[in-house]
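Student: Quick one: the structure is below, and I'll ask about it shortly.
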Amino acid sequence: MADQGLLETDEPLLIARSLSKSYGRIAACRDVSFSLYPGEVLAIVGESGSGKSTLLQMLSGQLAASGGHVSYRMRDGVTRDLASLGEAERRLLFRTDWGFVHQDPAQGLRMAVSAGANVGERLMAVGWNHYGRIRESASDWLTRVEIDVARIDDAPRTYSGGMRQRLQIARNLVTGPRLVFMDEPTGGLDVSVQARLLDLLRNLVAELHLAVVIVTHDLAVARLLSHRVMVMKGGRVIETGLTDQVLDDPREPYTQLLVSSILPP
Amino acid sequence: MTAMIDVANASKTFTMHLQGGIALPVVRGVTFQVQPGECVVLSGPSGAGKSSILKMIFGNYRCDGGRIGIRHRGEVIDLATAEPRQVLNVRRATIGYVSQFLRAVPRVATIDVVAEPLIAGGLNRPDAQARAGELLHRLNIPERLWQLPPATFSGGEQQRVNIARGFIPDLPILLLDEPTASLDAANRAVVVELVAEKKRQGVAMLAIVHDDEIRHLIADRIVDVTSFAAAA
Chain F
1 MADQGLLETD EPLLIARSLS KSYGRIAACR DVSFSLYPGE VLAIVGESGS
51 GKSTLLQMLS GQLAASGGHV SYRMRDGVTR DLASLGEAER RLLFRTDWGF
101 VHQDPAQGLR MAVSAGANVG ERLMAVGWNH YGRIRESASD WLTRVEIDVA
151 RIDDAPRTYS GGMRQRLQIA RNLVTGPRLV FMDEPTGGLD VSVQARLLDL
201 LRNLVAELHL AVVIVTHDLA VARLLSHRVM VMKGGRVIET GLTDQVLDDP
251 REPYTQLLVS SILPP
Chain W
1 MTAMIDVANA SKTFTMHLQG GIALPVVRGV TFQVQPGECV VLSGPSGAGK
51 SSILKMIFGN YRCDGGRIGI RHRGEVIDLA TAEPRQVLNV RRATIGYVSQ
101 FLRAVPRVAT IDVVAEPLIA GGLNRPDAQA RAGELLHRLN IPERLWQLPP
151 ATFSGGEQQR VNIARGFIPD LPILLLDEPT ASLDAANRAV VVELVAEKKR
201 QGVAMLAIVH DDEIRHLIAD RIVDVTSFAA AA
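Line order of the protein sequences matches chains F and W.
Here full-length UniProt numbering is used: the first residue of the first sequence is 1, the next is one more, and so on.
Here full-length UniProt numbering is used: the first residue of the second sequence is 1, the next is one more, and so on.
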């Protein structure tokens, strides 16, 4: 279903080359390479301990790799090695061109300040200083993620889990990022709330032409949102390809096990 | 004339790792072509591999050997070896697929489910919805249902929504997997009409149809899949 919004640009946005991470003798992630193109949604699936979250942290520059490189094509068109960026440049990237949606919204939001401030804060960080415009943009984004604007002055700790997650998404998207990392974004939610969030994400991703790296253990999420999937096990990518191909015609024993473990809808 | 679909010696085997690694050969030596404006129907008993062949041509199943040539924007792409990105581009611009069942997205209104391929292709929403409405109307889906998600519809209604979604984009290749299976006579006749229109537009179609009468009405040529049976 996620077949819309791909584009023809033939230059990758994010490139991982032989990424590895070890903790002493334990290899959490081994030799992962791929390219992500603008507008492309890549799902990383696997069970806990497969290395998918470690990989996400390395890709998003939050964890130093033991080996390999991540490079990113900046807004000026120049592709840079993340390790070569200074701290200030990295922070700017995180505030503008990248988003990160955590499984637990409390990690991505400031729970005690208003929803409007949560969204507006990202704009102020990139130099917006007109209160009226910031508030206008914040209310616009609350509407887009289906939060009643009447709740703009309430703090997210008064919000339900689904609303918090939608607010976290608004906060991430307000600066118009080109790449968003997502770590089990539907993980802690009720099934009905999940469906709504997935539908919202799916539309926003297509409309805004976002590139997304999404970590999930839920194959239904991967099917609904992603174009491509990487299956990880024991720190390695064991199978990769078009999402519907990998899920409908899995080749590796572990992928077959994963797919056969889904309850029929 | 260059064929739109040119399959040469394609083969497919499933290896079932959870069942002790047994190999399940499905088809081998699959070879045929489909020209613009013709509808080729795959025939053969259940389990002969008809759907598998359709899925291989859509890039949904991998192809273990041979070649699946697809004419895409003036050049030939081998889907058996294409990169995922290329396969997605081919699906967006060249190959449509009407599956047996609608894989409904929760919460999306029927009219938008049908209009979505046009919007993805760059058409504005009002025009896309207008064309979706026309097609739903032809397929006898009453207007009061258009704003509802199709998840709660009957099997026949869902299939008609699925057909509308599959037929709406103007793609040069269309794959049809049992498009009339759970339809009544009136709606079967609509599908036959839609296929005839696509032929006149030069669309190359490959179909699986069990109903003899429908097959007779839409098929220009029949390819017998039993000749591609893989030796077990």
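Just so you know, even glycine gets a beta-carbon here, dropped at the ideal spot from N, CA and C.
Between W/G59 and the rest of its own chain, which residues show a CB-CB distance below 6 Å, the 5 nearest in sequence each way excluded?
Tutor: L79, V87
Student: Could you say which of F/D183, F/E146, F/D218, F/R164 lies nearest to F/N203 if we only look at CA atoms?
Tutor: F/E146
Student: By the DSSP assignment, the alpha helix (DSSP H) with F/P105 in it spans what residues?
Tutor: 105 to 108
Student: Who are the near neighbours of F/L109 in its chain, counting only those whose CB is closer than 8 Å to its CB and skipping five residues on each side?
Tutor: N118, P156, R164, L167, Q168, R171
Student: For a contact meaning CB atoms closer than 7 Å, what does F/R196 contact in chain W?
Tutor: Correct list: R107.
Student: Where does F/D81 fall in DSSP's three states?
Tutor: strand
Student: Under the rule that 16 or more other beta-carbon atoms within 10 Å means buried, what is F/S20, buried or exposed?
Tutor: Burial of F/S20 is indicated by the presence of at least 16 other C-beta atoms within 10 angstroms of its C-beta.
Student: Quick one: which chain W residues come within Cβ less than 9 Å of F/H227?
Tutor: P84, R85, L88
Student: Using a Cβ-Cβ cut-off of 7 Å, state whether W/Y61 counts as contacting chain F.
Tutor: yes
Student: Considering only the alpha carbon of each residue, which of F/F100, F/I238, F/M111 lies closest to F/R30?
Tutor: With distances taken between Cα atoms, F/R30 lies closest to F/I238.
Student: First and last residue of the beta strand (DSSP E) that includes W/A93?
Tutor: No beta strand (DSSP E) contains W/A93, which is instead part of the alpha helix (DSSP H) from 84 to 93.
Student: In whole angstroms, what is the alpha-carbon distance linking F/D3 and W/D224?
Tutor: Because F/D3 carries a pLDDT of 40, less than 50, the predicted location of this residue cannot be relied on, and no value is offered for it.
Student: Under 7 Å Cβ to Cβ from F/D104, same chain only, skipping five residues before and after it: list those, please.
Tutor: These residues qualify, in order along the chain: G188.
Student: Under the assumption that F/L219 contacts F/V259 (Cβ atoms under 8 Å), give the Cβ distance between them as a whole number of angstroms.
Tutor: 7 Å
Student: Rounding to the nearest angstrom, what Cα-Cα distance links W/G121 and W/D112 in this structure?
Tutor: 14 Å
Student: Within the chosen definition, does the region 12 to 27 of chain W reach the region 162 to 177 of chain W through at least 3 CB pairs nearer than 8 Å?
Tutor: no
Student: Leaving out the 5 sequence neighbours to the left and right, which residues in its chain are closer than 8 Å to F/D153 when beta-carbon positions are compared?
Tutor: S114, A115, G116
Student: Flag W/T2 as yes when its Cβ comes closer than 6 Å to any non-hydrogen atom of the ligand ZN, and as no otherwise.
Tutor: As presented, the structure is devoid of all ligands, the ligand ZN included, so that no description of it is given.
Student: Please decide whether W/H17 counts as near chain F, where near means a Cβ-Cβ distance under 7 Å.
Tutor: yes
Student: Using only the alpha-carbon positions, how far apart do W/H216 and W/R103 sit?
Tutor: 29 Å
Student: Are the beta-carbon atoms belonging to W/T98 and W/P169 less than 7 Å from one another?
Tutor: Sequence inspection shows Val at residue 98 of chain W; the Thr mentioned does not correspond to that position. No, Cβ-Cβ distance for W/V98 and W/P169 is not below 7 Å.
Student: Return yes when the Cβ of F/E184 is within less than 7 Å of the Cβ of F/D216, no when it is not.
Tutor: Just to set this straight, residue 216 of chain F is Thr in the shown sequence, not Asp. Yes, they are a contact pair.
Student: I'd like to confirm the pairing. Which residues does DSSP put opposite W/A207 in its beta bridges?
Tutor: Per DSSP, W/V41, W/L176.
Student: W/E38: which of W/I222, W/M16, W/S227 sits nearest, CA to CA?
Tutor: W/I222
Student: Tell me which residues share the same chain as F/S71 and place their Cβ nearer than 7 Å to its Cβ, disregarding the 5 neighbours each side in the sequence.
Tutor: I15, T79, R80, D81, L82
Student: Output the boundary residues of the beta strand (DSSP E) element that contains F/D31.
Tutor: 26 to 36
Student: Can you pull out the residues from the region 244 to 258 of chain F whose beta carbon lies closer than 8 Å to at least one beta carbon of chain W?
Tutor: D244, Q245, D248, D249, R251, E252, P253, Q256, L257
Student: Locate the alpha helix (DSSP H) running through W/N9, then write down its first and last residues.
Tutor: Unbroken run through W/N9 is the beta strand (DSSP E), 5 to 16; no alpha helix (DSSP H).
Student: If you draw a straight line from the C-alpha of W/A230 to the C-alpha of F/I214, how long is it?
Tutor: Spanning the two alpha carbons is a distance of roughly 39 Å.
Student: Which residues, taken in chain order from the region 11 to 23 of chain F, show a beta carbon closer than 7 Å to some beta carbon of chain W?
Tutor: none
Student: According to DSSP, is F/D183 part of a helix, a strand, or is it coil?
Tutor: strand
Student: Check the Cβ-Cβ distances between F/D199 and every residue of chain W, and say whether any is below 7 Å.
Tutor: yes
Student: For the beta strand (DSSP E) holding F/L92, just list the boundary residues, first then last.
Tutor: Here F/L92 belongs to no beta strand (DSSP E); instead the alpha helix (DSSP H) covers 87 to 96.
Student: Can you find at least 3 beta carbon pairs, one from the region 51 to 65 of chain F and one from the region 226 to 235 of chain F, that sit closer than 8 Å?
Tutor: The way I'd put it, the region 51 to 65 of chain F does touch the region 226 to 235 of chain F; three or more beta-carbon pairs between them come closer than 8 Å.
Student: Which residues in chain W sit within 7 Å of F/G241, going by Cβ to Cβ distance?
Tutor: Under the 7 Å cutoff, chain W gives P84.
Student: Which whole-angstrom value is the C-beta distance of W/L148 and W/A164, which I expect to be below 8 Å?
Tutor: Incorrect: roughly 14 Å between the Cβ atoms, too far for contact.
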